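Undergrad:
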Amino acid sequence: MFEEAQYFAPVAAQADGSVVVELSASHPGFADPVYRARRNAIAGLAVNYQPGTPIPTAEYTEQEHEVWATVTRELGIKHAKYATAEYLDGAARLRLPQERIPQLEEVSQLLEPLTGFRYLPAAGLVPLRDFYGVLADGLFHSTQYIRHHSVPFYTPEPDVIHEVIGHANALANPRYAALYRLAGEAARRVEGEEALEFVSKVFWFTMEFGVMREADELKAYGAGILSSYGEIEEFRGMDIRPLDLSAMGTTHYDITKYQDVLFRAESVQHLEDVVGDFWSSCDDDSIAKLVAARV
Numbered sequence: 001m002f003e004e005a006q007y008f009a010p011v012a013a014q015a016d017g018s019v020v021v022e023l024s025a026s027h028p029g030f031a032d033p034v035y036r037a038r039r040n041a042i043a044g045l046a047v048n049y050q051p052g053t054p055i056p057t058a059e060y061t062e063q064e065h066e067v068w069a070t071v072t073r074e075l076g077i078k079h080a081k082y083a084t085a086e087y088l089d090g091a092a093r094l095r096l097p098q099e100r101i102p103q104l105e106e107v108s109q110l111l112e113p114l115t116g117f118r119y120l121p122a123a124g125l126v127p128l129r130d131f132y133g134v135l136a137d138g139l140f141h142s143t144q145y146i147r148h149h150s151v152p153f154y155t156p157e158p159d160v161i162h163e164v165i166g167h168a169n170a171l172a173n174p175r176y177a178a179l180y181r182l183a184g185e186a187a188r189r190v191e192g193e194e195a196l197e198f199v200s201k202v203f204w205f206t207m208e209f210g211v212m213r214e215a216d217e218l219k220a221y222g223a224g225i226l227s228s229y230g231e232i233e234e235f236r237g238m239d240i241r242p243l244d245l246s247a248m249g250t251t252h253y254d255i256t257k258y259q260d261v262l263f264r265a266e267s268v269q270h271l272e273d274v275v276g277d278f279w280s281s282c283d284d285d286s287i288a289k290l291v292a293a294r295v
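Take the numbering used here: the final residue in the sequence shown is number 295, and no numbers are missing along the way.
(1) Check residue 242 in the structure and name its three-state DSSP category.
(2) So, residue 21 versus residue 31, is the Cβ gap smaller than 8 Å?
(3) Identify the continuous alpha helix (DSSP H) that holds residue 113 and give its terminal residues.
(4) At a threshold of 7 Å, does residue 182 count as lining the ligand MN (C-beta to nearest heavy atom)?
(5) Quick check on the DSSP output: what are the complete beta strand (DSSP E) runs of length 3 or more inside the region 60-140, in order along the chain?
(6) Enumerate, from N- to C-terminal direction, the unbroken alpha helix (DSSP H) stretches of 4 or more residues contained entirely within the region 198-237.
(7) Considering only residues of the same chain and omitting the five flanking positions on each side of residue 80, which have a CB-CB separation below 8 Å?
(8) Thinking C-beta only, is residue 221 closer than 8 Å to residue 176?
(9) Counting only the same chain and skipping the five closest in sequence on each side, list residues whose C-beta sits under 6 Å from that of residue 182.
(10) For a cutoff of 8 Å on Cβ pairs, would you count residue 158 as touching chain D?
(11) With a 10 Å radius around its C-beta and 16 neighbouring C-beta atoms as the bar for buried, classify residue 18 as buried or exposed.
(12) Do residue 190 and residue 196 have their CB atoms nearer than 8 Å?
(13) Which residue marks the beginning of the alpha helix (DSSP H) containing residue 34, and which one marks its end?
(14) If contact is defined by three or more beta carbon pairs under 8 Å, each pair taking one atom from either stretch, is the region 102-116 in contact with the region 153-173?
(15) Out of curiosity, what's the CA-to-CA distance linking residue 1 and residue 124?
(16) Tell whether a beta-carbon distance below 8 Å holds between residue 198 and residue 249.
(17) Are the region 127-141 and the region 55-66 touching by the rule of at least three beta carbon pairs closer than 8 Å?
(18) Roughly how far, in whole angstroms, is the beta-carbon of residue 192 from the beta-carbon of residue 284, given that I think they are within contact range, below 8 Å?
(19) Is the number of C-beta pairs between the region 200-215 and the region 150-157 that are closer than 8 Å three or more?
Below is the structure:
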């Protein structure tokens, strides 16, 4: 899942039909039995989901709604300063609830009339090809749980704040939504795992951690930056490089820390011309040539 899959705590189905999310000892919620039970129950909603039916409702607690409200308020302040105009346009069009966590079915109902996208619930790891492939159909896999209340501005894996505030606001903008669809088409077109990884890395450095020049300022449009309270304040100080397909598709990154290498588009049109055109036509052979160019 945009390499997002690597973030997920493993999910295991038990013989009695229950679901257990295996949190690491360093996870903020590891020693909280109430939180762990919530995680298990919410993961079970996705495991038992039947495609084509409404997404099951997650019964959030007041404490969880408070986390959403707190993070939404603080991110909104930062978005006004650091987010691209297209992202802000998407947020204004989508109008997510600010005081409570929206259900994924609700997000779908808000989003679909705007760009045709709908959400799918994910319990945990979604295979890379499956995650990207359904983007071509206007579908986006998302978790439903929210981060632990003890650290509202931190999560070791993508939660509903990242998936909805980060991605849904972008998906509400037609130009960004079109790029997501093209990424999905590319994932379905390529055959080899190396080519698929290349496609996913380009996605990582654009729709996840992309930055863009706007009115002589550096703004962010990537969901990973725009859903991170800390990273959004740091991205302008990173190693900012020109948009380069060969470099993006072969650059190693560490998902456990702030991204220290970012790639800058000069405009949305530039992003569409370089990345959109790549996703619309790439295949295993063309990607192999781009990889060879870096050797």
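Beta carbons: idealized from backbone N, C-alpha and C, even for Gly.
Since this is a predicted model, take the numbers as computed values, not measurements.
TA: Per the coordinate set shown:
(1) The residue given as residue 242 occupies position 242 in the sequence shown. Strand at residue 242.
(2) For this step, residue 21 is matched to residue 21 along the sequence shown. For this step, residue 31 is matched to residue 31 along the sequence shown. Cβ distance not < 8 Å, so residue 21 and residue 31 don't count as in contact.
(3) Along the sequence shown, one-based indexing puts residue 113 at 113. Element bounds for residue 113: 104-115.
(4) Looking at this structure, you won't find the ligand MN or any other ligand, since it has none at all.
(5) 118-121
(6) Runs found: 223-226.
(7) Within the sequence shown, the letter at position 80 stands for residue 80. Cβ neighbours of residue 80 beyond the five flanking positions: 88.
(8) For the purposes of this step, residue 176 is identified with residue 176 of the sequence shown, where counting begins at 1. For the purposes of this step, residue 221 is identified with residue 221 of the sequence shown, where counting begins at 1. Against a cut-off of 8 Å, the Cβ pair of residue 221 and residue 176 comes out as a contact.
(9) Residue 182 sits at position 182 when you count from the first residue of the sequence shown. Around residue 182: 276, 279 and 280.
(10) The chain inventory of the structure shown lacks chain D, comprising one protein chain alone.
(11) For the purposes of this step, residue 18 is identified with residue 18 of the sequence shown, where counting begins at 1. Result: exposed.
(12) Mapped onto the sequence shown, residue 190 falls at position 190. Mapped onto the sequence shown, residue 196 falls at position 196. Their beta carbons are under 8 Å apart, which means residue 190 touches residue 196 by this criterion.
(13) Within the sequence shown, residue 34 is the residue found at index 34, counting from 1. Start and end: 33-47.
(14) Inter-segment contact for the region 153-173 and the region 102-116 is present: three or more beta-carbon pairs are separated by less than 8 Å.
(15) For the purposes of this step, residue 1 is taken as residue 1 along the sequence shown, with counting starting at 1. For the purposes of this step, residue 124 is taken as residue 124 along the sequence shown, with counting starting at 1. Note that residue 1 scores 35 on pLDDT, short of 50, meaning its location in the model is unreliable; the coordinates nonetheless yield the value given after this. Whole-angstrom Cα-Cα distance: 10 Å.
(16) As a position in the sequence shown, residue 198 is number 198, starting the count at 1. As a position in the sequence shown, residue 249 is number 249, starting the count at 1. Yes.
(17) no
(18) Locating residue 192 in the sequence shown gives position 192, counting from the first residue. Locating residue 284 in the sequence shown gives position 284, counting from the first residue. Yes, they are in contact, since the Cβ atoms of residue 192 and residue 284 sit about 5 Å apart, within 8 Å.
(19) no
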